[in-house]
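Asks: This is the structure, below, for whatever I ask next.
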Amino acid sequence: MSRPSGIAVRQRTQPNNGFSLMKETLLELLNHALATLKSEGLLPADHAVDIRIDATRDKSHGDYATNLALVLAKPAGKPPREIAEALVKALPDSAAVEKVEIKGPGFINFFAATSAAAEIIKRVLSEGETFGRSHHGQGEKVQIEFVSANPTGPLHVGHGRGAVVGDCIARLLDATGYQVTKEFYYNDAGAQIVNLERSVSARIKGLEPSDPAWPEDGYRGEYIKEIARDYMQGVTVRADDREVTAKADPDDSKAVSDFAVAYLRREQDLDLKAFDVKFDVYFLESSLYSEGKVEKTVERLVANGHTYEADGALWLRTTDFGDDKDRVMRKRDGFYTYFLPDVAYHLDKWQRGFTTVIDEQGADHHSTVTRVRAGLQALDAGIPKGWPEYVLHQMAMVVRDGKEVKLSKRAGSYVTLRDLIDEVGRDATRYFLVARKVDSQLTFDIDLALAQSNDNPVYYLQYAHARLCSVLKRAAENEVPFDEQIGLAHLDQLTEEREKDLLNRLAAYPEQLARAASAREPHQIAQYLQELASDFHSFYNAVKVMTDDEFQRNARLALCLAVRQVLFNGLNLLGLGAPEEM
RNA sequence: GCGCCUAUAGCUCAACCGGAUAGAGCAACGGCCUUCUAAGCCGUAGGUUGCAGGUUCGAGUCCUGCUGGGCGCGCCA
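Counting from 1, position 315 in the first sequence corresponds to residue 356 in the numbering used here; the numbering is continuous, with no gaps.
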């Protein structure tokens, strides 16, 4: 599978409008030096090397550094420091570079001229909302499936984590040039739906979960009672993908079932809407049956000779494809296991032309990964081995009053996603759920989120944006308003250390976005935004923007405008609001 | 027993295909509003990156083993 490397510095992958970024400049200089070394015979002429230029962590190492000399030490057969010296000697002069140093084992450190670093402002302002976006994906069709909750209850915090992670990955891929389809898959006709119907019917009869006649494993939550009431009142419910009017006939189990599914789908839609998550496609498991896709998949697997009958069931020999045991496809009772429609569904995705498919799921379903991939291999349909991709998020736990709130649909004790959004707000909920790596478990402490509500990490970002808007607004009201042209013509006024920090941070954004997208890790953006906001707050406290010096003031306002833009773009990637005042 | 994830400051978490002296927030302590939003800033303190080996110029990051935690191992989804 080809993925954009994103990280490697490449020439001309970004539209640059003639503005040269520091890294691009350094890359050119190093390429020159490299060619010189080769022509002098210090390096094998045919030696290819991927030049890496990193932003430094430590300012005493300059703004950018390369380990090029260390990488070249082996092929050149010379100590790294010697190569570093030769490289530095061969570097063409550039006004963009203030100083070059060799440090440590052979790192070459570059100190950028602030005026050259300030060029990023021009690019940010000319590209506006598209700054940071790229065409790495070249329009490739990507599908991301996430949430995919069955309509048997409201969404909980685990679904919320999946929802925001999937949604943000979709935003990242869209921003890096992919054509993204967001899809929600659900079962509207299986055993769980029968259970749902029985539960609602029991409520219609006035039964309580404590009654002996209550269906075994029935859903006990209060929401079932509400469905029963609305069904008997003939209510019409409208979900994103269906609309159903209740028949109010307690004996029509099909009608009860249809209504309950539509009702819960609508509830989930409302949850997702409150969370600002939208889908392009709702895919029904039942359609795989009604359109014969399940049957066709079975036939194909049988024809390929990967199946056998045993104990009255039909098995797929998934062990041929790396699974630890074979899996039942068709049960003794003639029904298929969930696994088969899963395979049929993914074959359908492949046939729809999605060369990259990402399944975002809870890690408790991780055993399906090997199984589904094995099933797809057994189809012999030309599907690559590691397809589809999976992003698995670890469990999210809700804590209130220092105690875990169990998320049991059957027991009915519940903290729903909507509860969280109502209590701590959409932006804070999204931020908490997306700001950390998906591989780590997550504790969502409601009390903490509430207690911090005045002092929340997401507000830190939004406050930075609001502050910037305020400064820019003040400038607009001023008798000598902000003149962008004057500002851009005097970027050499930006000489403060805090200003340079900000400029370097702005310049890192496009790469940061590309890296987060190719790693499918939206938390990287949250991290970046914290750093950007921090740089801005430091700058704001250390440097007065609205000075009397016309050139300096306008240059600083241009910087502010650029920072505001990047903050806005980044907040947007995470689906967070960018308030103009707080 | 097997598989996947995980272990970093008191707590919650970062750390860019392996890079230089491991960074933030919260909590603690000390400062900063007669000037652009103090939901902010500056400073102090806080670490044997679970343990033991290995790979190499260099390891929180890669490999092996061990320990602790989570999840999974249905003819449930």
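Note that the Cβ used here is the ideal one computed from N, Cα and C, for glycine as well.
(1) Can the beta-carbon of residue 259 be found closer than 8 angstroms to that of residue 283?
(2) How close, in whole Å, do the beta carbons of residue 301 and residue 213 come, if the pair is a contact with beta carbons under 8 angstroms?
(3) Measure how close the beta-carbons of residue 523 and residue 198 come, nearest whole angstrom, since I'm counting them as under 8 angstroms.
(4) Just to confirm, are residue 304 and residue 245 a CB contact at a threshold of 8 angstroms?
(5) Touch check for the segment 344-353 and the segment 241-255: three-plus C-beta pairs under 8 angstroms?
(6) Using DSSP bridges, identify the partner residues of residue 225.
(7) Buried or exposed for residue 553, going by 16 or more other Cβ atoms inside 10 Å?
(8) Report buried or exposed for residue 279, applying the criterion of at least 16 other Cβ atoms within 10 angstroms of its Cβ.
(9) For residue 170, which three-state DSSP category applies?
(10) Looking only at C-alpha atoms, which of 536, 227 and 618 sits nearest to residue 504?
(11) From residue 422 to residue 384, what does the alpha carbon distance come to, in whole angstroms?
(12) Mind checking which residues open and close the alpha helix (DSSP H) that includes residue 383?
(13) Touch check for the segment 563-582 and the segment 517-531: three-plus C-beta pairs under 8 angstroms?
(14) Return the chain-ordered list of same chain residues with a C-beta closer than 6 angstroms to the C-beta of residue 358, the five sequence neighbours on each side being excluded.
(15) Assuming residue 226 contacts residue 178 under a Cβ cut-off of 8 angstroms, what Cβ separation, rounded to an integer in Å, is found between them?
(16) Which two residues bound the contiguous beta strand (DSSP E) that contains residue 438?
(17) Looking only at its own chain, which residues have a Cβ that is under 6 angstroms from the Cβ of residue 476, when we skip the five neighbours before and after it?
(18) Using DSSP bridges, identify the partner residues of residue 428.
(19) I'd like to check one pair, residue 321 with residue 223: are the Cβ atoms closer than 8 angstroms?
(20) Within 8 angstroms, do at least three Cβ pairs link the segment 92-103 to the segment 572-592?
(21) So, using beta-carbon positions, are residue 175 and residue 242 closer together than 8 angstroms?
(22) Less than 8 angstroms between the beta carbons of residue 581 and residue 508, yes or no?
(23) If I measure Cβ to Cβ from residue 533 and keep anything under 6 angstroms in the same chain, skipping five residues before and after, which residues do I get?
(24) Is residue 161 helix, strand or coil by DSSP?
(25) Is the segment 142-156 in contact with the segment 188-203, if contact means three or more CB pairs nearer than 8 angstroms?
(26) Residue 429 and residue 463: beta carbons closer than 8 angstroms?
(27) Alpha carbons only, please: which of 363, 606 and 234 is nearest the one belonging to residue 550?
(28) List the whole-angstrom C-beta distance separating residue 201 from residue 483, where the pair is believed to meet the contact cut-off of C-beta under 8 angstroms.
(29) By Cβ distance, which residues of its chain are closer than 6 angstroms to residue 453, with the 5 residues on each side in sequence left out?
(30) When we look at the beta-carbon of residue 370 and count the other beta-carbons within 10 Å, is it buried (16 or more) or exposed?
(31) Helix, strand or coil for residue 373, going by three-state DSSP, please let me know.
(32) What's the call for residue 425, buried or exposed, on a 16-neighbour Cβ count within 10 Å?
(33) Return helix, strand or coil for residue 470, following the three-state DSSP convention.
(34) Can you tell me whether residue 393 is buried or exposed? The criterion is at least 16 other CB atoms within 10 Å of its CB, across all chains shown.
(35) Over the uninterrupted beta strand (DSSP E) stretch that includes residue 92, give me the two end residues.
(36) Nearest to residue 315 by CA position, among 134, 465, 76 and 413, is which residue?
Replies: In terms of the structure at hand:
(1) For the purposes of this step, residue 259 is taken as the residue at position 218 of the first sequence. For the purposes of this step, residue 283 is taken as the residue at position 242 of the first sequence. No. Outside cutoff.
(2) Counted from its first residue, the first sequence places residue 301 at position 260. Counted from its first residue, the first sequence places residue 213 at position 172. Contact between residue 301 and residue 213 fails: their C-beta atoms lie close to 36 angstroms from each other, not under 8 angstroms.
(3) Against the first sequence, residue 523 aligns to sequence position 482. Against the first sequence, residue 198 aligns to sequence position 157. Contact between residue 523 and residue 198 does not hold, since their C-beta atoms are separated by about 44 angstroms, which reaches or exceeds 8 angstroms.
(4) Translated into the one-based positions of the first sequence, residue 304 becomes position 263. Translated into the one-based positions of the first sequence, residue 245 becomes position 204. Cβ distance not < 8 angstroms, so residue 304 and residue 245 don't count as in contact.
(5) No: the two stretches stay apart, fewer than three of their Cβ pairs being nearer than 8 angstroms.
(6) Position 184 of the first sequence, counted from the first residue, corresponds to residue 225. Within the DSSP bridge table, the entry for residue 225 names 323 as partners.
(7) Within the first sequence, numbered from 1, the residue matching residue 553 stands at position 512. Of the residues assessed, residue 553 falls on the buried side of the cut-off, its CB having 16 or more other CB atoms within 10 angstroms.
(8) Locating residue 279 in the first sequence gives position 238, where the first residue counts as 1. Residue environment: residue 279 is assigned as exposed (fewer than 16 neighbouring CB atoms within 10 Å of its CB, all protein chains considered).
(9) Start at 1 with the first residue of the first sequence, and residue 170 comes out as number 129. Per DSSP, reduced to three states, the secondary structure at residue 170 is helical.
(10) Position 463 of the first sequence, counting from 1, holds the residue named residue 504. When each option's Cα is compared against that of residue 504, the closest is 618.
(11) Stepping through the first sequence from its first residue, residue 422 is reached at position 381. Stepping through the first sequence from its first residue, residue 384 is reached at position 343. The straight-line gap from Cα to Cα measures roughly 12 angstroms.
(12) Against the first sequence, residue 383 aligns to sequence position 342. First-last of the alpha helix (DSSP H) with residue 383: 380-392.
(13) Verdict: no, contact absent.
(14) One-based indexing of the first sequence puts residue 358 at position 317. For residue 358, where only same-chain residues beyond five positions count, the Cβ hits under 6 angstroms are 347 and 367.
(15) Locating residue 226 in the first sequence gives position 185, counting from the first residue. Locating residue 178 in the first sequence gives position 137, counting from the first residue. About 23 angstroms separates the Cβ atoms of residue 226 and residue 178, ruling out a contact at the 8 angstroms cut-off.
(16) As a first step, residue 438 must be located in the first sequence, where it is residue number 397. Run containing residue 438: 437-441, per the beta strand (DSSP E) assignment.
(17) Here residue 476 refers to the residue found at position 435 of the first sequence. Closer than 6 angstroms at the Cβ level, and outside the excluded window around residue 476, lie 564 and 567.
(18) Translated into the one-based positions of the first sequence, residue 428 becomes position 387. BP columns for residue 428 are empty, so no partner.
(19) Your numbering for residue 223 matches position 182 in the first sequence. Your numbering for residue 321 matches position 280 in the first sequence. At a Cβ-Cβ threshold of 8 angstroms, residue 223 and residue 321 count as neighbours.
(20) As far as the Cβ criterion goes, the segment 572-592 does not touch the segment 92-103, which means the pair count is below three.
(21) As a working mapping, residue 175 is identified with position 134 in the first sequence. As a working mapping, residue 242 is identified with position 201 in the first sequence. Not in contact: residue 175 and residue 242 (Cβ atoms no closer than 8 angstroms).
(22) Locating residue 581 in the first sequence gives position 540, where the first residue counts as 1. Locating residue 508 in the first sequence gives position 467, where the first residue counts as 1. Residue 508 sits close to residue 581, with the two beta carbons spaced by under 8 angstroms.
(23) Position 492 of the first sequence, counted from the start, is the residue given in the question as residue 533. The beta carbon of residue 533 lies closer than 6 angstroms to those of 156 in the same chain, with the five residues before and after it left out.
(24) Your numbering for residue 161 matches position 120 in the first sequence. It is helical.
(25) The segment 188-203 and the segment 142-156 do not touch, with fewer than three beta-carbon pairs separated by less than 8 angstroms.
(26) Numbered from 1 along the first sequence, position 388 holds the residue referred to as residue 429. Numbered from 1 along the first sequence, position 422 holds the residue referred to as residue 463. No, the pair does not count as a contact, with Cβ atoms beyond the cut-off.
(27) Residue 550 sits at position 509 when you count from the first residue of the first sequence. The shortest C-alpha separation from residue 550 is found at 606.
(28) Taking the first sequence and counting its residues from 1, the one referred to as residue 201 is at position 160. Taking the first sequence and counting its residues from 1, the one referred to as residue 483 is at position 442. About 10 angstroms separates the two Cβ atoms, so there is no contact after all.
(29) As a first step, residue 453 is located in the first sequence; it is residue number 412 there, counting from the start. Reliability of the predicted coordinates at residue 453 is poor, the pLDDT of 47 falling under 50, and no value is obtained from them.
(30) Counted from its first residue, the first sequence places residue 370 at position 329. So residue 370 counts as buried.
(31) Stepping through the first sequence from its first residue, residue 373 is reached at position 332. Looking at residue 373 - three-state DSSP - the assignment turns out to be coil, as it is neither helix nor strand.
(32) The sequence position of residue 425 within the first sequence is 384, counting from 1. Exposed, since its Cβ has fewer than 16 Cβ neighbours within 10 Å.
(33) Numbered from 1 along the first sequence, position 429 holds the residue referred to as residue 470. DSSP places residue 470 within a helical segment (H, G or I) once states are collapsed to three.
(34) Position 352 of the first sequence, counted from the start, is the residue given in the question as residue 393. Exposed: under 16 other Cβ atoms inside 10 Å.
(35) On the first sequence, residue 92 is found 51 positions in, with the first residue counted as 1. From DSSP, residue 92 is part of no beta strand (DSSP E); its letter is neither H nor E.
(36) Counted from its first residue, the first sequence places residue 315 at position 274. For the residues 134, 465, 76 and 413, the minimum Cα distance to residue 315 belongs to 465.
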